[in-house]
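Q:
Chains as they are written, first to last, in the numbering used here: chain F, 326 to 537; chain C, 326 to 537.
#1: Kindly list, in the order they appear in chain C, the residues whose Cβ is closer than 7 Å to that of residue 485 of chain F.
#2: Output, in sequence order along the chain, the residues in the stretch 468 to 482 of chain C whose CB is closer than 7 Å to any CB in chain F.
#3: Would you mind reading off the limits of the alpha helix (DSSP H) that contains residue 511 of chain F?
#4: Can you confirm whether residue 528 of chain C, when its beta carbon is compared against all beta carbons of chain F, has any partner nearer than 8 Å?
#5: Between which residues of its own chain and residue 509 of chain C is the CB-CB distance below 6 Å, once the five residues before and five after are set aside?
#6: With 8 Å as the threshold, decide whether the Cβ of residue 409 of chain C is near any Cβ in chain F.
#7: So what's residue 472 of chain C in DSSP terms, helix, strand or just coil?
#8: What did DSSP end up calling residue 414 of chain F once you bin it into helix, strand or coil?
#9: Could you check what DSSP says for residue 375 of chain C in three-state terms: helix, strand or coil?
#10: Give me the chain C residues within the contact set of residue 516 of chain F, using Cβ-Cβ distance strictly less than 9 Å, ordered along the chain.
#11: Which same chain residues, not among the five before or five after residue 364 of chain C, have their C-beta less than 6 Å away from its C-beta?
#12: Would you decide whether residue 490 of chain C is buried or exposed? Buried here means 16 or more other CB atoms lie within 10 Å of its CB.
#13: Whose Cβ in chain C lies nearer than 7 Å to the Cβ of residue 450 of chain F?
#14: In chain F, what lies closer than 7 Å to residue 412 of chain C by C-beta?
#15: Which of the three DSSP states is assigned to residue 487 of chain F in this structure?
#16: Would residue 349 of chain F pass as an interface residue toward chain C - the criterion being a Cβ-Cβ separation below 8 Å?
#17: Are residue 461 of chain C and residue 407 of chain C touching if we call contact CB-CB under 8 Å?
#18: Only counting the same chain, and skipping five residues up and downstream in sequence, which positions put a Cβ closer than 7 Å to that of residue 446 of chain F?
#19: So residue 513 of chain F and residue 440 of chain C are in contact, right, with Cβ under 8 Å, and what is the actual spacing, rounded?
#20: Which residues in the same chain as residue 349 of chain F place their Cβ atom closer than 6 Å to its Cβ, once the five residues preceding and following it in sequence are excluded?
#21: In angstroms, rounded to a whole number, what distance separates the CA positions of residue 419 of chain F and residue 338 of chain C?
#22: For residue 498 of chain C, count neighbouring Cβ atoms within 10 angstroms of its own Cβ and tell me buried if that reaches 16, exposed if not.
#23: Is residue 381 of chain C near the ligand SAH, going by C-beta to nearest heavy atom under 7 Å?
#24: Under the assumption that residue 437 of chain F contacts residue 356 of chain F (Cβ atoms under 8 Å), give the Cβ distance between them as a whole number of angstroms.
#25: Any idea what DSSP makes of residue 384 of chain F, helix, strand or coil?
#26: Pull up the distance between the alpha-carbon of residue 429 of chain C and that of residue 328 of chain C, whole angstroms please.
#27: Indicate whether residue 511 of chain C and residue 487 of chain C have their beta-carbon atoms separated by less than 8 Å.
#28: Helix, strand or coil for residue 429 of chain F per DSSP?
#29: By alpha-carbon positions, which one of C:421, C:507, C:503 ends up nearest to residue 527 of chain F?
#30: Where residue 452 of chain F and residue 465 of chain F are concerned, what is the direct C-alpha to C-alpha distance, given to the nearest angstrom?
#31: Distance, Cα to Cα, residue 442 of chain F vs residue 401 of chain C?
#32: Pick out whichever of C:388, C:524, C:500, C:502 has its Cα sitting closest to the Cα of residue 342 of chain C.
#33: Is it the case that the Cβ atoms of residue 458 of chain F and residue 480 of chain F are separated by a distance below 8 Å?
#34: Using the rule of at least 16 other Cβ atoms within 10 Å of the residue's Cβ for burial, across every protein chain shown, is residue 454 of chain C buried or exposed?
#35: For the alpha helix (DSSP H) containing residue 455 of chain F, name the first residue and the last one.
Written out as C-alpha cells, the structure is:
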C-alpha cells in the first residue's frame, strides 16, 4: 500500500534518524545495503521510500540540518537591528554545532566527512543560508551599512570572514579558539569596516607606494 | 663517511624534492620504505639522513614551505604602512598557494591532505607565521589600530577572519571566489573595524534589547 505524502515524509525521517544513530554507533558512514537491512523494512518498502543512496543522504542531511534551518528562520523573522540580527544568524547555528561537537566529537567528525563527501547534497542548505544572508545584507544596506558594495560582493566577503563559524569542520581543528564573543567582534568589525572603500589602503591603490 | 652539516642539509633537501616529485607522479603520499627504495641510497645512508618518517616529512614540509617563509621574511623587513604590510603578509603566501593549486590541483590536494594528516609536523610553520603576525599587530597598534585588544586577542581574530586565505584547502573548495582584491578588503575592514569596542553592538551588551 503506497504511503500518503505526510506518512511518507514521517517514515523517511524515522529512517534518517535511525541511519544517524547507526553512524554514531558504528563510527562510519552507513552504506545503502546496510541501511536497508537495518531498517527492518522489506527491500520494496525501503526502495519506495528512497530512490537511491543520494536520496537517502538527502533525508539524513535534512534531518540533521533541521535545527539550523529553524534558527535561521527564527532570526529572519525578528526585528533586531542589523548587527544584532546578523550576529544571531551566525551565532545560533554555531551554538548548535558547538554543542553537537562537544557532545560527541567523533560522531561530529564523521558527519563532517559525510557532508564534505556528499557536498552536492548539502548545497541546497548552503544556498538557502546565502539567500537569507542576502536578505540581512539588504536590510543592513537600507540602514547605511556595507555602502558601495553589491549584495553579492558583501555576501562573499561576509561569508569568507565568518567561515570558521559556519564551516563545522573548523570546530575540529580550532575548538575553544572559537567563541561567541569573538564572533560578535567579527560581526561588528564587518559592520564598522566593510564597504566599497575598504581595500584601497591595504592594496595601496590610493597611493604611489609600491610593495617591494 | 658521515656528511658535514651543510652537505647533510643539502642531501636532505635533495631527497625531499625527490619525494615531492614522487607524490606528484603517483598521486599519493609516499611511504618511508618506498622513499628509501626510490632514493637510490643504501638503507644505512638513508637512515643516516632521516631518523624516521616524521623526520623525512619535516624535510619535505620545510622544502615545500620555503617560499612562504621567504616572503614572510621579506614583508617583515619592509617599512610599509601597517595595512599594506599586513595585506602583503597574507597576499604573497596566498599567491604562492594559488599558483601551485592552479598548476596542479590534484598534487596540491594531496599535499593538503598530507599536511592535515601530519599537522604536528607543520605546526612550527604555523607558530612562526603567528609570531610574525604578532610583530605586525604590535606595529599596527603603535599606529593606533586594533585599540583596546591584547596582541593575542587581535592575533586570534585576524587569523579567524583571513582563514580562507591562509588555509590552503580553501582553494580547493572556494577556488576563484578567493581573490587578492577581496583579501585587501578584508584586511582594510579589520584595520577600520577591529578594536576592543567591536562586539558590543552585535551581541547587544550595550543595550537592554534581547535576542528572542
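Just so it is clear, CB atoms sit at the ideal spot from N, CA and C, and this is done for glycine as well. Remember, it's a predicted structure, so these values are computed and weren't measured experimentally.
A: Well, looking at it:
#1: Scanning chain C for C-beta atoms nearer than 7 Å to the C-beta of residue 485 of chain F yields 489, 507, 511, reported in chain order.
#2: So the close ones are 481, 482.
#3: Run containing residue 511 of chain F: 505 to 518, per the alpha helix (DSSP H) assignment.
#4: Under the 8 Å criterion on CB atoms, residue 528 of chain C is classed as interfacial with respect to chain F.
#5: Here residue 509 of chain C has 412 as same chain residues with Cβ atoms under 6 Å from its own Cβ, once five neighbours each way along the sequence are excluded.
#6: With 8 Å as the cut-off, residue 409 of chain C counts as an interface residue toward chain F.
#7: Taken through DSSP and simplified to helix, strand or coil, residue 472 of chain C comes out as coil.
#8: In the three-state reduction of the DSSP assignment, residue 414 of chain F falls in the helix class.
#9: Looking at residue 375 of chain C - three-state DSSP - the assignment turns out to be coil, as it is neither helix nor strand.
#10: Correct list: 518, 523, 526, 527.
#11: Here the set comprises 340, 371.
#12: It is buried - the Cβ of residue 490 of chain C has at least 16 other Cβ atoms within 10 Å.
#13: What residue 450 of chain F touches in chain C: nothing, since even the nearest Cβ is about 15 Å away.
#14: Neighbours of residue 412 of chain C on chain F, chain order: 527, 528.
#15: It is coil, neither helix nor strand.
#16: No, because no Cβ of chain C sits closer than 8 Å to the Cβ of residue 349 of chain F.
#17: With respect to residue 407 of chain C, residue 461 of chain C sits close: the two C-beta atoms are nearer than 8 Å.
#18: Non-local C-beta neighbours of residue 446 of chain F in its own chain, meaning closer than 7 Å and more than five positions away in sequence, comprise 379, 382, 383, 386, ordered along the chain.
#19: Not confirmed; about 33 Å, so no contact.
#20: Taking residue 349 of chain F as the centre and dropping the five residues before and after it, the same chain places the C-beta of 432 closer than 6 Å to its C-beta, in chain order.
#21: The alpha-carbon atoms of residue 419 of chain F and residue 338 of chain C are separated by roughly 43 Å.
#22: By the beta-carbon neighbour count (other beta carbons within 10 angstroms, threshold 16), residue 498 of chain C is exposed.
#23: Judged by which ligands are present, the structure shown has none, so any question about the ligand SAH falls away.
#24: The distance from the Cβ of residue 437 of chain F to that of residue 356 of chain F is about 19 Å, inconsistent with a contact at the 8 Å cut-off.
#25: In the three-state reduction of the DSSP assignment, residue 384 of chain F falls in the helix class.
#26: Those two C-alpha atoms are separated by around 35 Å.
#27: The Cβ-Cβ distance between residue 511 of chain C and residue 487 of chain C falls below 8 Å.
#28: Reduced to three states, the DSSP call for residue 429 of chain F is coil.
#29: When each option's Cα is compared against that of residue 527 of chain F, the closest is C:507.
#30: A direct Cα-to-Cα measurement between residue 452 of chain F and residue 465 of chain F gives close to 20 Å.
#31: Residue 442 of chain F and residue 401 of chain C have their C-alpha atoms spaced approximately 39 Å apart.
#32: Checking every option, the nearest Cα to that of residue 342 of chain C belongs to C:388.
#33: Yes, these two residues count as a Cβ contact at 8 Å.
#34: Buried, because 16 or more other Cβ atoms sit within 10 Å of the Cβ of residue 454 of chain C.
#35: Per DSSP, residue 455 of chain F belongs to the alpha helix (DSSP H) from 444 to 467.
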